[in-house]
Structures are given as structure tokens and as C-alpha cells.
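Trainee: Positions 1 to 355 (the UniProt record's numbering) are the ones given, in order, by the sequence shown.
My structure is below; once you've seen it, I'll send some questions.
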Amino acid sequence: MPPQGLNEYGVWVAKPVSFTAETHEQDPDSPHIHLIYDDGKSSTLKAAINIKSKSKESRLVFWIYPDFKHPMLDDLQGLSPGFHDLKGNRELSLDYIRSNILQLREGSLLDHDIPGPGNDMIDYFTPILNNAIASEATVYLFGEPFRGKDGIHDVHMNQGNEGKFAQYNGVYQDGGLIFGFPDGHFEAVFLAFGVQKYHTNDETGQPIGDADFASLYKKKSGPQQPPPPQNGEAPSPATPSGDDDDAQVVIQAALVNPSGPDGQRGVSGESVTLYNRSANSISLASWGVGNGKGATQSLSGSLVGMSKRTFAVPGAPLSNKGGTITLLDSNGLKVHGVRYTRDEARRQGQFLFFN
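Take a look at the structure:
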């Protein structure tokens with residue numbers, strides 16, 4: 001069967017009500033967290049959230065962002081309760097690779113249910129969901145609705161699959177959970193299977209190469225898991241190591257809102273500053289900087305070790321309304337990506353710096 005992607009894809013806006021987590025004793029093969037949620041107009045709704053893979057490598061990568069910021073949040077907050085179809089809506093859809101909603105190395109590769117505190121999927125999810133329910137947060141559930149429209153599943157990355165799951169690959173159709181709290185801050189949880197590949201085709205979401213998340217996290221030199229939750233608080237994300245070959249060059253800063261009117265003669269235009277974290281000189285021939293809108297600025301030359309260089313990007317205009325910036329290698333594969341919000345872009349003539 002040729003690849004076709006998810007049959008339906010969208011986001012469900014609702015209030016989380018309660019949840020249960022299936023333990024190893026209850027389901028050792030394909031356990032889920034079942035989140036009950038209420039959109040104010042439907043009967044009982046349930047999200048089925050995978051917390052273990054049926055593959056030999058059964059672990060999942062878990063990303064938690066306790067203070068999530070992204071330009072999509074402005075539009076997301078405007079959605080009414082209920083399910084919203086996002087097929088073809090790239091501005092609001094999630095794509096773990098192209099939307100720059102996460103850094104690949106900032107997650108934790110976790111087992112489903114093992115002895116000890118703060119070390120598995122259930123331990124990580126429990127305080128986050130408890131806090132969202134107690135705070136009466138709004139949950140934005142991304143994934144595929146059940147046929148009966150009584151819930152949602154595929155609340156995880158939906159690309160980079162091989163074998164029988166390859167037919168569900170696609171771009172801008174990844175799942176996840178974003179929580180909007182009454183005090184105005186957002187939290188986000190993203191999930192991927194350890195066997196999924198993190199380089200995929202820009203049109204089909206089919207895997208490119210053999211690099212999967214399990215192998216990526218084996219190479220991490222920093223802590224793979226954050227400290228156990230304390231006093232019911234959610235864990236913080238692990239510290240990324242940044243030691244992988246494809247992340248030697250990163251986006252360090254960007255000038256997205258130069259002083260003066262756009263295009264004014266004598267005024268410096270938009271630019272992106274790259275930093276080479278390695279000791280070796282790296283050729284940037286045929287590399288590019290993308291703006292998330294389909295435009296790419298070609299790069300040339302090289303970047304010597306432990307140095308930075310600023311590139312003008314007239315071919316990839318950077319929006320003052322918030323956006324993403326992605327560094328691509330000579331094969332068109334993502335090397336590094338960042339995001340910025342409308343509020344951050346308001347400061348005229350000032351560089352935005354990224355961690």
C-alpha cells in the first residue's frame with residue numbers, strides 16, 4: 001500500500017477531566033494513558049496516548065516544555081472548544097522536524113513502567129496531567145480522531161516510520177499535547193517512538209537514512225533523564241549535549257526586525273548568525289537557511305572552528321509576526337532550527353539570541 005498519511009488530522013480543544021495510566025501488570029504489550037476530556041458539547045471523550053511501543057525497542061522519547069513559546073500559539077488560542085480539522089493547515093499543524101517546536105536532543109528516552117520514582121513514562125506524565133486538571137487548563141490535543149469522533153489517538157510523531165506503519169507517514173501531522181493555563185503560560189508534551197527516524201522526506205514524511213531516536217539518545221553525553229519529580233511538580237527537560245555531528249553548526253542569533261522601513265537603502269537587512277561549535281572548519285557550500293514559509297537562502301563559503309559568521313538572508317524573509325528559522329545541510333536535511341514569537345520580534349534593530 002502506498003504511503004497515505006493519517007486519514008484525518010487536527011486538534012481538539014477541551015478541558016482535561018481525569019486520566020488513567022495502564023501499568024505493566026495491566027497491559028505489558030501496548031499500554032496507554034487514557035485522558036478524559038470535555039469540550040462542552042460532546043459526550044465523554046477520551047484520548048488514547050501511547051506510552052510503550054510494540055517494537056523490540058519499546059521506549060518512547062518524551063519532551064516536556066514547562067514554558068512553551070511558539071508563534072502558532074496566537075492562532076491556537078483563538079480556536080473554539082471542539083475538534084478542528086488541520087489537514088492542509090501548516091500554520092497550526094505540528095511537525096517535529098519542520099515546525100521547530102522542539103530540539104531533538106532535549107527529550108528523554110523512557111521505559112513504560114519500571115520500579116523506582118521519576119524514571120518512566122507514567123512517572124513523567126502523572127504530575128503534568130494532575131497539574132493541568134487541577135489548574136483547569138485548556139488542552140490542545142493533536143492527532144487523529146477516532147472514527148466515531150468520540151476521542152483522539154496518534155498523539156505522537158507520525159512520520160519516520162518503517163514497516164507496516166509507513167503508510168501513516170506524512171508531514172505536518174504530528175501529535176502532541178499543549179496546555180494553556182489561566183495565568184497565560186503554556187506547557188507542551190511531545191512524544192516519539194524510539195524506532196522512528198528523525199530525518200524524513202519533506203513531501204511524504206518517509207524516513208531518510210537509518211538514524212533513529214534510540215541511536216541518537218545512545219550518543220548523548222549529558223543526562224538522558226531529568227531529576228525525579230518533587231512535590232508533584234513536572235520534571236524539567238534534560239540538558240542537550242549538542243555533541244552529535246549534524247549539530248556542530250547551530251543558529252546562534254537572528255536579526256528579524258532591522259531598524260527602519262523594510263528595504264530602505266543603507267539599512268542592514270535581516271540576517272542569521274551561525275556558530276561552529278566544533279574545532280574543525282566546516283564547508284557551508286550548498287547549505288541553506290529556511291524561513292518556514294518555503295523560501296530558502298543559499299549559503300556558501302566555510303565556517304572555521306569555534307567561530308561565528310553572520311549571513312544576510314534576502315532570499316528567506318523573516319517575519320516580524322513570529323516564525324521559524326531552519327538550517328539545512330547540502331542534502332536538504334535539517335541541522336538545527338529555532339523559533340521566535342511576535343513579541344520577541346517587536347524589538348527593532350536588536351538581535352534575537354537562541355540557546
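Even glycine gets a Cβ: it sits at the ideal position worked out from N, Cα and C.
1) Is the beta carbon of residue 32 sitting closer than 8 Å to the one on residue 19?
2) Leaving out the 5 sequence neighbours to the left and right, which residues in its chain are closer than 7 Å to residue 196 when beta-carbon positions are compared?
3) Rounded to whole angstroms, what's the CA-CA distance from residue 169 to residue 39? Just pull it up for me.
4) How far does the beta strand (DSSP E) with residue 276 in it extend, from its first residue to its last?
5) How long is the line joining the alpha carbons of residue 337 and residue 102, rounded to whole angstroms?
6) State the CB to CB distance for the pair residue 155 and residue 95, rounded to an integer number of angstroms; the pair is presumed to be in contact (CB under 8 Å).
7) Per DSSP, which residues does residue 108 bridge with? Please list them.
8) If we ignore side chains and look at the alpha-carbon of each, how far apart do residue 114 and residue 25 end up?
9) I think residue 315 touches residue 281, with their Cβ atoms under 8 Å apart; what is that distance to the nearest whole Å?
10) Can you name the residues that DSSP bridges to residue 69?
11) Under 8 Å between the Cβ atoms of residue 13 and residue 80?
12) Can you give me the start and stop residues for the beta strand (DSSP E) that residue 126 sits inside?
13) Buried or exposed: where does residue 203 fall if 16 or more other Cβ atoms within 10 Å of its Cβ makes it buried?
14) Just how far apart, CA to CA, sit residue 181 and residue 119?
15) Could you give the uninterrupted runs of the alpha helix (DSSP H) lying entirely in the segment 13-100, keeping only those of 4 residues or more?
16) Threshold first: 3 residues or longer. Then list the beta strand (DSSP E) segments lying entirely within the segment 274-340, N to C.
17) Count the other CB atoms, across all protein chains shown, that sit within 10 Å of the CB of residue 100; report buried if there are 16 or more and exposed otherwise.
18) Would you mind sorting residue 321 into buried or exposed? The rule is 16 or more other CB atoms within 10 Å of its CB.
Mentor: Short version:
1) The criterion of a C-beta distance shorter than 8 Å is not satisfied by residue 32 and residue 19.
2) Around residue 196: 157, 160, 161, 212, 213.
3) For residue 169 and residue 39, the distance between alpha carbons rounds to 28 Å.
4) First-last of the beta strand (DSSP E) with residue 276: 271-276.
5) Those two C-alpha atoms are separated by around 9 Å.
6) Contact flag wrong, Cβ pair sits at about 15 Å.
7) DSSP lists 62 as the beta-bridge partner residues of residue 108.
8) Roughly 11 Å between the two C-alpha positions.
9) Contact between residue 315 and residue 281 does not hold, since their C-beta atoms are separated by about 24 Å, which reaches or exceeds 8 Å.
10) In the DSSP output, where bridge partners are listed per residue, residue 69 has none listed.
11) Here residue 13 is near residue 80, since their CB atoms are less than 8 Å apart.
12) Residue 126 -> not in any beta strand (DSSP E); alpha helix (DSSP H) instead, spanning 121-134.
13) Residue 203 is exposed by the Cβ-count criterion.
14) Distance between the alpha carbons of residue 181 and residue 119: 26 Å.
15) DSSP runs (the alpha helix (DSSP H)) wholly in the segment 13-100: 73-76.
16) The segment 274-340 contains these whole beta strand (DSSP E) runs: 288-290, 296-298, 308-312, 322-328.
17) Buried, by the Cβ-count rule.
18) Exposed is the call here.
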